[in-house]
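When we follow the numbering used here, the leftmost residue of the sequence shown carries the number 5, and every step to the right adds one. Working notes, beginning with the structure itself.
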Amino acid sequence: MEPILSIEHLCVELPPDADRKHAVEDVSCQLMPNEVLCVVGESGSGKSVMAQTMMGLLPEQLRVSRGRVVLEGEELLTLSERAWRGIRGRRMSMIFQDPMAALNPLLRIGDQISEAFRARENFDRATAGARALELLASVGLSDPDALRLRHPFSLSGGQRQRVMIAIALALEPKVLIADEPTASLDVTTQAQIIDLLKQIQAQRNMAILFITHDLRLVAEIADRVAVMQCGRIVEVGPAERVLDNPLHPYTQALIEAVQQQRPPAPRRIDGEVVLQARELSKTYRVRGKLFAKSKNVRAVKDVSFALRRGETLGVVGESGSGKTTIGRMIVRLIKADTGSVWIGGVNMSRLPFRQLRAYRPRIQMIFQDPYASLNPRRTVARLIAEGLIVHGMSVEAAMRKARELLSVVGLDPSAAGRYPNEFSGGQRQRICIARALALGPEILVADEAVSALDVTIQKQILTLLDRLRRELALAILFITHDLCVAAQVCDRIAVVLAGEIVESGPTAAVLANPQHAYTRRLLATVPGRDWRGSDLVRARAAAREL
5 MEPILSIEHL CVELPPDADR KHAVEDVSCQ LMPNEVLCVV GESGSGKSVM
55 AQTMMGLLPE QLRVSRGRVV LEGEELLTLS ERAWRGIRGR RMSMIFQDPM
105 AALNPLLRIG DQISEAFRAR ENFDRATAGA RALELLASVG LSDPDALRLR
155 HPFSLSGGQR QRVMIAIALA LEPKVLIADE PTASLDVTTQ AQIIDLLKQI
205 QAQRNMAILF ITHDLRLVAE IADRVAVMQC GRIVEVGPAE RVLDNPLHPY
255 TQALIEAVQQ QRPPAPRRID GEVVLQAREL SKTYRVRGKL FAKSKNVRAV
305 KDVSFALRRG ETLGVVGESG SGKTTIGRMI VRLIKADTGS VWIGGVNMSR
355 LPFRQLRAYR PRIQMIFQDP YASLNPRRTV ARLIAEGLIV HGMSVEAAMR
405 KARELLSVVG LDPSAAGRYP NEFSGGQRQR ICIARALALG PEILVADEAV
455 SALDVTIQKQ ILTLLDRLRR ELALAILFIT HDLCVAAQVC DRIAVVLAGE
505 IVESGPTAAV LANPQHAYTR RLLATVPGRD WRGSDLVRAR AAAREL
């Protein structure tokens, strides 16, 4: 059988000041008809650059110095931009990693899908709109007639990703490139997206190039696996062979990082209670469409818990379960409707703003998206020092402290004068941790702090947080949708469903014997359950032995 897509000795050069010469170096691989080829590797390994080259979307500062990309016998890299328009969408399409960034924020969803038909198929507005509705329904979105009138910001992450899939499939391409399409989604939404892609592939006999850093997903969907490291493919082969008998040391290290996921050994947490949440509730009022009534949406209902010094409490649940709202109420970025948050005997929920400012240093937050939470116009030293300066420290002393904190989180202090865009995702998350530590907090609230990071960088950040917890006697409220991550760092877990805590207890006990049906469903939807390195098999087995 002939491959539908071939990459032959592809080399893509980075700018002269980059840390290596090539983003992609001498890469060759093939995608067969009706096959799922997973490309695996850490951030910066060249996966996305390879995909952008295949789609003719390479950034201007990068240059193809050698190689070929051949689609059904046609050389792509020599095509004009006009010729590329006949390829993109029709014969080969792409699902981008961040649907919010890929979708036009000013256009309604229906118009964005219709655009593909009107631009390439010359459909009239009514026909294009009807086809858009069909596509929205085909990707499993409920009430497509209402959803087509909405804008991207009003959709959940899973809904936006389904819209991206609808746009990518609009013109029925033969090859689909999916670049980390489930990276930041919770396990149940992730499972829905994977099932959807499998179903569509079976219906349309598509070939899929699936880029991911999640080996559990690879075990779930891949026919073959190509492992990339520093721009090179270091191992390629059938999924079963690569996952169960990896030959290259780098592949072995990636798999080992997954297989080491297990609950921490039970610790006696006898430190003082530093944080208490008592019956927190929050309701949002959502405005309706034109002439439609507004409605109330209960985000959090009567949530209570206590956190001790030196303890890590995991708050686990799907997107929309209320986890982030709980975290933001705890640090009072939003105000609770009812209930209270107590830190050191002080009710933070009722403090006037002027008094609240003095208590802010005691509790700090690490946000989910490090790039969005860092000012791109400030150097990292200034970003870390800002809080210190606001609270009265001189600029010179604050900048010295910022350099010290960079060292604490494992970054070179010489990087203090660089800007956020000059760092990788894992490095930016370390900068956010340094900023959160600057004021010497007792409590850290980490909101999905590792959700979009690859497995090895994720492991480094989790190890760093655990070390800081021990050395600084921090209490950590760890918000995540990933039970595998929670299993590695949390002493206790609180499972949240529709704004309520439905189950809580020691991590080992919850994983080994979940009591609530929702917790069991979360465990059941972890991808790659039949693979020996996944399904929390080792974690749960270790828990039962304790």
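Using N, Cα and C, we set each Cβ at its ideal position, and we do this for glycine too.
query: If you follow the alpha helix (DSSP H) that residue 488 is part of, which residue opens it and which one closes it?; result: 487 to 493
query: Using a threshold of 8 Å, state whether the C-beta atoms of residue 311 and residue 173 are closer than that.; result: no
query: Does the CB of residue 421 have a neighbour CB from chain B at under 8 Å?; result: This model lacks chain B altogether, as it is built from one protein chain only.
query: Which of the three DSSP states, helix, strand or coil, is assigned to residue 235?; result: coil
query: Along the chain, where does the alpha helix (DSSP H) that runs through residue 478 open and close?; result: Careful: residue 478 lies outside any alpha helix (DSSP H) and carries neither H nor E.
query: Find out if the Cβ-Cβ distance for the pair residue 530, residue 501 is shorter than 8 Å.; result: no
query: Span of the alpha helix (DSSP H) holding residue 2?; result: No statement about residue 2 is possible, as the shown extent of the chain runs from 5 to 550 and does not include it.
query: When you measure from the CB of residue 135 to every non-hydrogen atom of the ligand PLP, does any distance come out below 7 Å?; result: Within the structure as shown, the ligand PLP is missing, as the structure has no ligands at all.
query: In the DSSP assignment, what residue or residues form a beta bridge with residue 10?; result: 34, 74
query: How long is the line joining the alpha carbons of residue 8 and residue 457, rounded to whole angstroms?; result: 31 Å
query: Please work out which residues of its chain come closer than 7 Å, Cβ to Cβ, to residue 29, disregarding the five sequence neighbours upstream and downstream, and give them in chain order.; result: 15, 235, 236
query: What ranges does the beta strand (DSSP E) occupy inside the segment 315 to 401, keeping only unbroken runs of at least 3 residues that lie completely in it?; result: 316 to 320, 342 to 347, 367 to 370
query: Per DSSP, what kind of secondary structure is residue 19 in: helix, strand or coil?; result: coil
query: If you check the beta carbons only, do residue 497 and residue 318 fall under 8 Å apart?; result: yes
query: Buried or exposed for residue 253, please, with buried defined as at least 16 other CB atoms from any protein chain shown within 10 angstroms of its CB.; result: exposed
query: Work out the CA separation of residue 163 and residue 141 for me, nearest whole Å.; result: 12 Å
query: Going by C-alpha to C-alpha distance, which of 364, 472, 366 sits closest to residue 409?; result: 472
query: To the nearest angstrom, report how far apart residue 31 and residue 378 are at their CA atoms.; result: 34 Å
query: If you scan the segment 70 to 123 from start to end, which runs of the beta strand (DSSP E) of 3 or more residues do you find wholly inside it?; result: 96 to 99
query: Just to confirm the assignment: which complete alpha helix (DSSP H) runs, minimum length 4, are found wholly within the segment 143 to 194?; result: 148 to 151, 161 to 173
query: Hey, residue 459 and residue 262 are a contact pair by Cβ (cut 8 Å); roughly how many whole angstroms apart?; result: 6 Å
query: Throw me the rounded Cβ distance for the residue 322 and residue 192 pair, which I believe falls under 8 Å.; result: 5 Å
query: From what residue to what residue does the beta strand (DSSP E) around residue 507 run?; result: 504 to 510
query: Between which two residues does the beta strand (DSSP E) carrying residue 419 extend?; result: Counting along the chain, residue 419 falls outside any beta strand (DSSP E), and DSSP gives it neither H nor E.
query: Hey, how far is the Cα of residue 373 from the Cα of residue 209?; result: 36 Å
query: Tell me residue 280's beta-bridge partners as DSSP assigns them.; result: 310, 346
query: Put residue 300 into one of helix, strand or coil per three-state DSSP.; result: strand
query: How many angstroms separate the CA atom of residue 219 from the CA atom of residue 128?; result: 44 Å
query: What did DSSP end up calling residue 424 once you bin it into helix, strand or coil?; result: helix
query: Since residue 225 is in the alpha helix (DSSP H), which residue starts that stretch and which ends it?; result: 219 to 225
query: Which residues does DSSP pair with residue 448 in a beta bridge?; result: 368, 480
query: Considering just the uninterrupted stretch of the beta strand (DSSP E) at residue 216, what are its terminal residues?; result: 211 to 216
query: State the DSSP-derived secondary structure class of residue 259, mapped to helix, strand or coil.; result: helix
query: Since residue 74 and residue 12 are thought to touch, with beta carbons under 8 Å apart, how far apart are those beta carbons, to the nearest angstrom?; result: 7 Å
query: Could you check the C-alpha separation between residue 2 and residue 430 for me, to the nearest Å?; result: This structure cannot speak to residue 2, because the chain is shown only from 5 to 550.
query: Using a Cβ-Cβ cut-off of 6 Å (strictly less than) and excluding sequence neighbours within five positions of residue 37, which residues of its own chain qualify?; result: 8, 211
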